[in-house]
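Presented below is the structure to which this report refers.
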Ligand SMILES: Cc1cc2nc3c(=O)[nH]c(=O)nc-3n(C[C@H](O)[C@H](O)[C@H](O)COP(=O)(O)OP(=O)(O)OC[C@H]3O[C@@H](n4cnc5c(N)ncnc54)[C@H](O)[C@@H]3O)c2cc1C
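Residue numbers (the numbering used here): 33 to 465.
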């Protein structure tokens with residue numbers, strides 16, 4: 033039986049972050065990933081020379097960005113301009129995303145413009161922790177007076193969080209997400225797959241091993257302590273610590289007697305966020321000035337990521353469209369709506385089409401901070417020593433990939449315990465957690 037200090041189930045961003053950190057701390061680490069390649073939802077598909085993420089991905093300047101920078105990742109790409117349009121009543125209008133575009137926007141009255149401008153100024157200084165306990169709707173309705181400014185805020189906050197549940201979403205994390213997006217985001221050259229490669233290289237250099245195409249079947253534990261992981265082929269890996277870096281449902285399923293642990297609560301309280309994503313590579317844009325569009329009266333978003341990043345080998349423009357899905361979804365209807373949006377924004381796009389990817393319903397978050405009395409999952413499973421969870425759903429108030437990296441850091445920090453730092457690091461690296 034192979035022996036490791038740490039077995040990590042799941043080779044997405046959370047698993048890879050944990051792998052870099054634990055191996056830097058001198059631990060013998062193995063990452064078990066069921067797919068044939070690493071990355072999970074951060075993988076990139078290459079089609080006809082175009083790089084498609086699994087739906088449009090933007091790196092905010094939050095925990096993940098800081099973590100990747102500390103790891104020394106190159107994060108090549110660029111910051112897109114925020115000159116935006118809004119769709120309202122089937123028409124495109126300039127959207128106020130900055131003080132300068134505010135004057136030009138026909139969407140807001142003068143009173144609305146003044147209110148919007150004051151929010152743009154207040155936003156970066158706001159203490160959003162005060163709003164972790166109230167719903168997004170309560171925050172918007174209680175704080176924003178002008179009805180059209182409210183519509184614009186619903187749209188901006190939906191895009192920052194991917195959520196379509198303002199009555200459930202806790203306001204604080206979503207407001208933080210928007211504040212972070214307002215500091216500028218990065219679109220990565222060759223997509224997030226390039227980042228995944230770098231993380232894998234860094235973990236490998238520190239000595240981590242990877243088992244791809246390998247499904248973990250269960251986590252072994254005895255007398256309240258983890259002993260290893262059983263794989264689908266019946267073989268097992270012995271490990272002192274196991275970090276499950278996949279979904280709450282997978283973590284629950286993998287652990288025998290999970291009903292007697294916090295894993296049950298974490299699974300039961302989880303609420304998914306999904307979206308439909310249409311990505312197209314176009315030889316050229318029929319309407320080059322219309323590259324960034326928020327649906328104000330519909331839950332849709334469009335961005336040409338090629339305006340800031342190299343996403344094709346031959347200059348094709350990669351345009352990403354997202355339909356935020358609420359409780360119900362209809363793949364054909366969603367596709368039609370996304371294509372109609374492209375007809376409006378880039379009329380004649382079909383004649384320029386090089387490649388296309390449609391994901392009818394992809395899970396963006398397995399859970400988020402909601403107001404139904406949610407407890408923060410992880411980092412450790414209190415009933416089983418040596419067992420931890422990580423992943424975007426194990427959020428303690430962070431959003432999206434920031435929650436993936438923050439939860440991975442919490443898990444590794446807990447695992448290492450206090451007092452283990454530089455002295456234990458391999459290759460003389462400082463432990464960055
Ligand atoms: C459409 C879309 C758009 C997004 N846009 C953004 C964005 O703009 N900005 C942002 O910050 N974030 C964005 N995200 C979110 C971001 O992609 C995720 O937060 C992040 O990739 C999640 O990483 P993870 O490691 O938590 O989970 P995952 O990537 O899901 O990784 C979990 C891994 O576990 C593996 N696994 C599961 N079960 C097993 C098993 N039994 N054995 C072995 N392996 C197993 C899976 O195959 C998977 O690779 C977006 C996500 C989507 C879907």
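All residues carry an ideal CB built from backbone N, CA and C; glycine is no exception. Quick caveat, the model's predicted, so the values are computed rather than measured.
Helix, strand or coil at residue i according to DSSP, with G and I counted as helix
i: residue 120; result: strand
i: residue 67; result: coil
i: residue 277; result: coil
i: residue 114; result: coil
i: residue 222; result: coil
i: residue 232; result: helix
i: residue 179; result: helix
i: residue 254; result: strand
i: residue 294; result: helix
i: residue 357; result: strand
i: residue 201; result: strand
i: residue 47; result: helix
i: residue 42; result: coil
i: residue 262; result: strand
i: residue 139; result: coil
i: residue 129; result: coil
i: residue 59; result: coil
i: residue 106; result: coil
i: residue 386; result: strand
i: residue 400; result: coil
i: residue 391; result: strand
i: residue 163; result: helix
i: residue 83; result: strand
i: residue 153; result: helix
i: residue 186; result: helix
i: residue 52; result: helix
Residue i versus residue j - alpha carbon distance
i: residue 449; j: residue 167; result: 35 Å
i: residue 194; j: residue 364; result: 20 Å
i: residue 33; j: residue 73; result: 31 Å
i: residue 53; j: residue 354; result: 33 Å
i: residue 241; j: residue 234; result: 11 Å
i: residue 268; j: residue 262; result: 4 Å
i: residue 428; j: residue 400; result: 9 Å
i: residue 160; j: residue 203; result: 8 Å
i: residue 28; j: residue 252; result: Outside the shown range of the chain, which is 33 to 465, sits residue 28, and nothing can be said about it.
i: residue 76; j: residue 142; result: 44 Å
i: residue 65; j: residue 247; result: 6 Å
i: residue 130; j: residue 152; result: 7 Å
i: residue 332; j: residue 58; result: 46 Å
i: residue 285; j: residue 128; result: 46 Å
i: residue 334; j: residue 265; result: 43 Å
i: residue 172; j: residue 185; result: 8 Å
i: residue 338; j: residue 349; result: 5 Å
i: residue 347; j: residue 418; result: 49 Å
i: residue 301; j: residue 38; result: 28 Å
i: residue 394; j: residue 48; result: 21 Å
i: residue 115; j: residue 328; result: 15 Å
i: residue 70; j: residue 295; result: 25 Å
Per DSSP, cross-strand counterpart(s) of residue i
i: residue 35; result: 270
i: residue 100; result: Per DSSP, none; premise fails for residue 100.
i: residue 91; result: 218
i: residue 242; result: 63
i: residue 74; result: Answer is none; residue 74 lacks a bridge partner.
i: residue 248; result: 263
Closer than 8 Å to chain B by CB, residue i
i: residue 334; result: This model lacks chain B altogether, as it is built from one protein chain only.
| Start-end ranges of the beta strand (DSSP E) lying completely within the region 410-447, minimum 3 residues | Runs of beta strand (DSSP E) with 3 or more residues, each lying fully within the region 410-447, are found at 419-421, listed in chain order.
| said: Quick check on the DSSP output: what are the complete alpha helix (DSSP H) runs of length 4 or more inside the region 303-382, in order along the chain? | reply: For secondary structure counted as the alpha helix (DSSP H) over 4 or more consecutive residues, the region 303-382 holds these complete runs in sequence order: 363-377.
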